[in-house]
């Protein structure tokens, strides 16, 4: 009897993995939208690929693999049979690029497959919201296939795809950050107005002060560590330009005309954007290929000898770790939340739909499950969501490799100025975008920017 129940339980699990999202909720989980569960599961696939990439780039992993008898070329044989696996090909920057390619290809496939899906009545919606076991197998298959791509110029070409994708994802991060800043300020000002409590205003001023203080301290540290009294002109210019721009946007945010058009705009948003701009500047300076102007660089070469040093660094320097945290938060933000602002929803192609009959039925039955809230129309663009995850995969690929470009032999890593200018230009684009959110009601008074 127990064996029969075990077999039935196994078959039930298999059917859930092959079916839709509702089966994947446990009894203690609250009821949730089917669309939200699907986005979280796709995000889990992205995080899984990121975890594998991190493991592949950790120093010492190859040495541990060689300890496994008969696994790597050069290790002890098993039953007299020598292994013919080059473990170095599964690790390091090369492996991260190939894992990034597999993850990006996975989301690109679904982005193309889900074009113009209007509601859950479309047969393709069942693929979007179900068949998770087969999706996992597809991701594994793409990963294995990526490691069979001949070296040639693959990594050098894929580097430029990563640069473009990372630039676009940084812009998406900035859009979400601007939206978050406006929502935060509106919420606290609304609470202060409704409760007539001065504590909300005090909290608003305190957080704004902390953000500006952190920004000023960070800029001072950038001048100390990433510039020299003689030389490092590029770093001095870039830091100074972004400092001036941050002062300008802070002044614009409190102009009387801006305050009249947008009463909720203020220094909280400007301070948060300033802090993020300083972070992007820091991240850009960490990629400057000159050791005198970049203390995060280490001099070493591929052979380990003292001759012919090459400029290298590891991904877990401070800017990359902060970038990884921002990446995780931003990706989760994309997966679980629609904006309070109509304009952002239009830009991100999302909308907040009501719970509908599915939620009412779930509440009446007392069963905790995912309910279909997209019978009348999808709550987000499936294709655009996968495109965002594709760009996120490229961004994390560049972050883990620290934006280094391997040559064809993959033994030498070059630190290009490309990474510096991509990050700096993205910070300028973000500041320009924030200024547009402030002046848009004045430039286009006939449109609703509430």
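Numbering (mature numbering (1 follows the signal peptide of the UniProt record, and there is no 0)), first residue to last: -16 to -1, 1 to 434.
Positions of the beta carbon are idealized from the N, C-alpha and C atoms, including for glycine.
Quick caveat, the model's predicted, so the values are computed rather than measured.
How many angstroms separate the CA atom of residue i from the CA atom of residue j?
| i | j | result |
| --- | --- | --- |
| residue 312 | residue 273 | 27 Å |
| residue 275 | residue 209 | 11 Å |
| residue 85 | residue 130 | 7 Å |
| residue 22 | residue 185 | 39 Å |
| residue 386 | residue 176 | 44 Å |
| residue 36 | residue 373 | 16 Å |
| residue 188 | residue 178 | 15 Å |
| residue 388 | residue 99 | 34 Å |
| residue 402 | residue 247 | 40 Å |
| residue 382 | residue 143 | 8 Å |
| residue 113 | residue 19 | 7 Å |
| residue 241 | residue 199 | 26 Å |
| residue 425 | residue 166 | 15 Å |
| residue 384 | residue 308 | 9 Å |
| residue 67 | residue 83 | Because the pLDDT of residue 67 is 49, which lies under 50, any placement of that residue in the model is unreliable, and the number read from its coordinates should be weighed accordingly. Computed Cα separation, rounded: 23 Å. |
| residue 220 | residue 207 | 7 Å |
| residue 349 | residue 164 | Low per-residue confidence applies at residue 349: pLDDT is 47, beneath 50, and the placement is therefore not dependable enough to give any value. |
| residue 197 | residue 375 | 32 Å |
| residue 418 | residue 105 | 38 Å |
| residue 97 | residue 111 | 9 Å |
| residue 154 | residue 257 | 13 Å |
| residue 423 | residue 192 | 21 Å |
| residue 266 | residue 137 | 31 Å |
| residue 170 | residue 183 | 15 Å |
| residue 409 | residue 264 | 10 Å |
| residue 304 | residue 280 | 11 Å |
| residue 297 | residue 39 | Bear in mind that the predicted position of residue 297 carries a pLDDT of just 44, short of 50, making it too unreliable to give a figure here. |
| residue 364 | residue 316 | 15 Å |
| residue 95 | residue 101 | 11 Å |
| residue 30 | residue 243 | 41 Å |
| residue 306 | residue 122 | 31 Å |
| residue 91 | residue 238 | 42 Å |
| residue 141 | residue 168 | 41 Å |
| residue 81 | residue 218 | 29 Å |
| residue 128 | residue 145 | 20 Å |
| residue 212 | residue 139 | 34 Å |
Nearest by alpha-carbon distance to residue i: which of the options is it?
| i | options | result |
| --- | --- | --- |
| residue 235 | 222, 224 and 249 | 249 |
| residue 152 | 423, 33, 428 and 368 | 368 |
| residue 41 | 114, 77, 199 and 122 | 77 |
| residue 147 | 158, 380 and 240 | 380 |
| residue 371 | 197, 118, 101 and 93 | 93 |
| residue 216 | 241, 277, 260 and 271 | 277 |
| residue 173 | 82, 133, 418 and 252 | 252 |
| residue 27 | 304, 377 and 409 | 377 |
| residue 205 | 418, 270 and 107 | 270 |
| residue 25 | 116, 421 and 211 | 116 |
| residue 203 | 191, 228, 365 and 30 | 228 |
| residue 314 | 162, 132, 120 and 108 | 162 |
| residue 157 | 43, 38 and 260 | 260 |
| residue 108 | 38, 29, 145 and 366 | 366 |
| residue 194 | 137, 140, 239 and 255 | 255 |
| residue 428 | 245, 237, 168 and 140 | 245 |
| residue 225 | 279, 302, 128 and 412 | 412 |
| residue 120 | 318, 218, 87 and 95 | 87 |
| residue 404 | 317, 95, 268 and 190 | 268 |
Kindly examine the ligand HEM and report whether one of its heavy atoms sits closer than 7 Å to the Cβ of residue i.
| i | result |
| --- | --- |
| residue 154 | This structure simply doesn't include the ligand HEM, nor any ligand for that matter. |
Using the beta-carbon count (16 or more within 10 Å), is residue i buried or exposed?
| i | result |
| --- | --- |
| residue 415 | buried |
| residue 33 | buried |
| residue 232 | exposed |
| residue 124 | exposed |
| residue 362 | buried |
| residue 262 | buried |
| residue 214 | exposed |
| residue 134 | exposed |
| residue 150 | buried |
| residue 407 | buried |
| residue -12 | Low confidence applies here, because residue -12 scores a pLDDT of 36, under 50, leaving its location unreliable; read the following figure in that light. Flag for residue -12 reads exposed. |
| residue 420 | exposed |
| residue 223 | buried |
| residue 160 | buried |
| residue 430 | exposed |
| residue 132 | exposed |
| residue 118 | exposed |
| residue 302 | exposed |
| residue 318 | buried |
| residue 201 | exposed |
| residue 310 | buried |
| residue 190 | exposed |
Throw me the rounded Cβ distance for the residue i and residue j pair, which I believe falls under 8 Å.
| i | j | result |
| --- | --- | --- |
| residue 126 | residue 89 | 5 Å |
Alpha helix (DSSP H) runs contained entirely in the region 90 to 153, provided each spans 4 or more residues: 107 to 112 and 116 to 130
Contiguous alpha helix (DSSP H) assignments of at least 4 residues, all confined to the region 225 to 271: 240 to 245 and 251 to 269
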